[in-house]
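Asks:
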Amino acid sequence: GEDVEQSLFLSVREGDSSVINCTYTDSSSTYLYWYKQEPGAGLQLLTYIFSNMDMKQDQRLTVLLNKKDKHLSLRIADTQTGDSAIYFCAPAPNDYKLSFGAGTTVTVRA
Amino acid sequence: DAGVIQSPRHEVTEMGQEVTLRCKPISGHNSLFWYRQTMMRGLELLIYFNNNVPIDDSGMPEDRFSAKMPNASFSTLKIQPSEPRDSAVYFCASSFMAGAYEQYFGPGTRLTVT
């Protein structure tokens, strides 16, 4: 099956940029997703990128995809306290199954 | 729309008891997913329904787990008998298309088996 790896923790100062990295093993994913989970809540779709794209920008979010290296990243510009959450990288190696990474806990400090 | 609705939000039960978790997907969505989240194993897909039919149940841990979707607006996940290792947060998600596109997650049911 698909292996998805993310660093577990990221601490960032408010106003700085956050970069969350993800590597995966299955190159067949058509879509690659980023989900956000706040404490005690379900997962919320943040953004996604189609596999034939290198970059996608959506307001403060920038997704970069390097298919050759099987590397996906999420950049959050001007990080705010409300961005503190767990972020999951989720490639979709088939048409319905998401492969979730372990999640990166982002802590925003003042 | 109210989003995906799950009940109960919290469940505490004793080992050996039957547990039933419930899910109401978003109206108009034809795909439904049950996930389990634990610290040790992260998020795991348990079962996927499309148009009320189970398509992939390869993630269901064992025969103690069963899931049904009697109609487009309701699904259940049952554990019988429950064991302490079943303690986890169980999420239901639904999507509009038959695929992984934009799955919308419910708030989850936190199950504790003592």
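Respectively, the protein sequence lines represent chains A and B. Using our numbering, read the first sequence as starting at 1 and increasing by one per residue. Using our numbering, read the second sequence as starting at 1001 and increasing by one per residue. Where a beta carbon is used, it is the ideal one built from N, C-alpha and C, also for glycine.
1. Would you report the Cα separation of tyrosine 96/A and serine 84/A, rounded to the nearest angstrom?
2. Verify whether the separation of the beta carbon atoms of threonine 1076/B and valine 1012/B is less than 8 Å.
3. Cβ atoms of serine 1031/B and phenylalanine 1049/B: under 8 Å apart, would you say?
4. For chain A, find out if any of its Cβ atoms is closer than 8 Å to the Cβ of phenylalanine 1065/B; answer yes or no.
5. For leucine 32/A, which residues in chain B fall below 7 Å Cβ to Cβ?
6. Does the distance from the CB of glutamate 14/A to the CB of arginine 75/A come in under 8 Å?
7. Taking its Cβ as the centre, do 16 or more other Cβ atoms sit within 10 Å of glycine 1106/B, making it buried, or is it exposed?
8. Going by other Cβ atoms of all chains shown within 10 Å of its Cβ, with 16 needed for buried, is glutamate 1062/B buried or exposed?
9. Give the C-beta separation of tyrosine 1101/B and serine 1095/B to the nearest angstrom, bearing in mind that I take them to be a contact with Cβ-Cβ under 8 Å.
10. Could you work out which residues of chain B lie near leucine 45/A, taking near to mean beta carbons separated by less than 9 Å?
11. Could you run through the stretch 39 to 71 of chain A and flag, in chain order, every residue whose CB is less than 9 Å away from some CB of chain B?
12. With 8 Å as the threshold, decide whether the Cβ of phenylalanine 1096/B is near any Cβ in chain A.
13. Taking buried to mean at least 16 other C-beta atoms within 10 Å of its own C-beta, is methionine 1060/B buried or exposed?
14. Which term fits glutamine 37/A, buried or exposed, when burial requires 16 or more other beta carbons within 10 angstroms of its beta carbon?
15. Going along chain A in order, which residues have a C-beta closer than 8 Å to the C-beta of serine 1031/B?
16. For glycine 1028/B and chain A, any beta-carbon pair shorter than 8 Å?
Replies: Answer, in terms of the structure:
1. Distance between the alpha carbons of tyrosine 96/A and serine 84/A is about 28 Å.
2. No, the pair does not count as a contact, with Cβ atoms beyond the cut-off.
3. Yes, the Cβ-Cβ distance between phenylalanine 1049/B and serine 1031/B is below 8 Å.
4. Under the 8 Å criterion on CB atoms, phenylalanine 1065/B is classed as non-interfacial with respect to chain A.
5. For leucine 32/A, none of the residues of chain B pass the 7 Å Cβ criterion, the least Cβ distance being about 10 Å.
6. Using a Cβ distance threshold of 8 Å, glutamate 14/A and arginine 75/A do not count as a contacting pair.
7. So glycine 1106/B counts as buried.
8. Taking all protein chains shown into account, glutamate 1062/B has fewer than 16 neighbouring C-beta atoms within 10 Å of its C-beta and is therefore exposed.
9. Approximately 6 Å separates the beta-carbon atoms of tyrosine 1101/B and serine 1095/B; this is inside 8 Å, confirming the contact.
10. When 9 Å is used as the limit between beta carbons, leucine 45/A is near these residues of chain B: Glu1102, Gln1103, Tyr1104 and Phe1105, in chain order.
11. Taking 9 Å as the Cβ-Cβ cut-off against chain B, the residues of the stretch 39 to 71 of chain A that qualify are Gly40, Ala41, Gly42, Leu43, Gln44, Leu45 and Tyr48.
12. It does not; no Cβ of chain A falls within 8 Å.
13. Per the 10 Å Cβ criterion, buried.
14. Under this definition glutamine 37/A is a buried residue.
15. Simply Tyr96.
16. So, not an interface residue.
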